[in-house]
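Report on the following structure.
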Amino acid sequence: MLTTLARGTATSEQLSLYGLDRTGKAVVSAAAGRDAMKQVFREAKRKMYIDIPGNGILVAVPVKSVGGGSTLAYMTDGNVPSGGVPDMNFDYELIIIILNEGFADMVMDAARPAGAAGGTILHARGTGAAGTEKFFGVSLGTEKDVIYIVAGAKEKAAIMQAVSREAGTGTRAGAICFSLPVSAVAGLRRLEDEDE
C-alpha cells in the first residue's frame, strides 16, 4: 500500500456553510484482486462509513497489464486470474489533472460548472529527463499539483474539455488531463442516487 497526503477542493464558502474547517486528506493506493477489492469495499462501508457523504470515497481502477510474471504473482497473492474478456462499460471515470503548483482553484473553477462535484489535490514534483523538460510548453521538472476527480462517464468529457479550455497548456495553470476507468465506487451517494 502507498499513502499520499492530500487536501480537498471545497471552497471557503462551502466549508463555512457547513461549519467545517479545511482538513488534510490521505489517498491510499493498493493493488488487489477482485475478491480482495470486494472485501475492502465491504469493510470500508462497515467500519469507515465510506458510503456516507463526507467520509471519503473509494474507487477501484482496473489494471490492464503488469510487467512480468513475478509482479503478477505478487499482486494476486499467487492466484493467476483466469482469462476472459472483462466488462469494459464503466459508469465512472477517474480524471487525473497535472498542473502547475498553486493553480488548483483555477482548475476547479473550470471543472465545477462542467459537472465536477469536487476533487482531491496531491502535491508532486515532475521528474522530466534532460531534453524533455517541456511537454506542450509545460515544464515537467517543477513543483506540481495533481487533482483527482471522480465523475460520471457522461460528465467526463465536458469536465476535461472545460479544464483544457480554461486552465490548459496555454494558461498559467498549464493543466493536462487524462482519465482512467473506475470499475467500482463507494462514497458518491449524490451521484449514485441520481443514477437510480
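Here the sequence shown is numbered in the numbering used here, starting from 242 and rising by one per residue. Glycine included, every Cβ here is placed at the ideal spot set by N, Cα and C.
One or two residues paired with residue i in a DSSP bridge
i	result
R248	G265 and I362
G393	Y333
S311	Answer by DSSP bridge pairing: none, since S311 is not bridged.
K279	In DSSP, K279 forms no bridge with anything.
L243	S270
Cβ neighbours of residue i in the same chain (closer than 8 Å, five flanking residues each side left out)
i	result
N296	M289, Y290 and G428
G351	Sequence check: residue 351 is Ala here, not Gly. Once the five neighbours on either side are set aside, the close Cβ partners of A351 are A403, V404, R406, E407 and A408.
P354	A403
Residue i in three-state terms, based on DSSP
i	result
E342	coil
S253	helix
S270	strand
V304	coil
A414	coil
P422	strand
A352	helix
I400	helix
Spatial neighbours of residue i in its chain, beta-carbon cut-off 6 Å, leaving aside the 5 residues before and after
i	result
G343	none
Beta-carbon contacts of residue i that lie in its chain and below 7 Å, excluding the five residues immediately before and after
i	result
M347	A408 and A414
A271	M242
With contact counted as at least three CB pairs below 8 Å, one residue from each stretch, are the stretch 386 to 405 and the stretch 269 to 289 in contact? no
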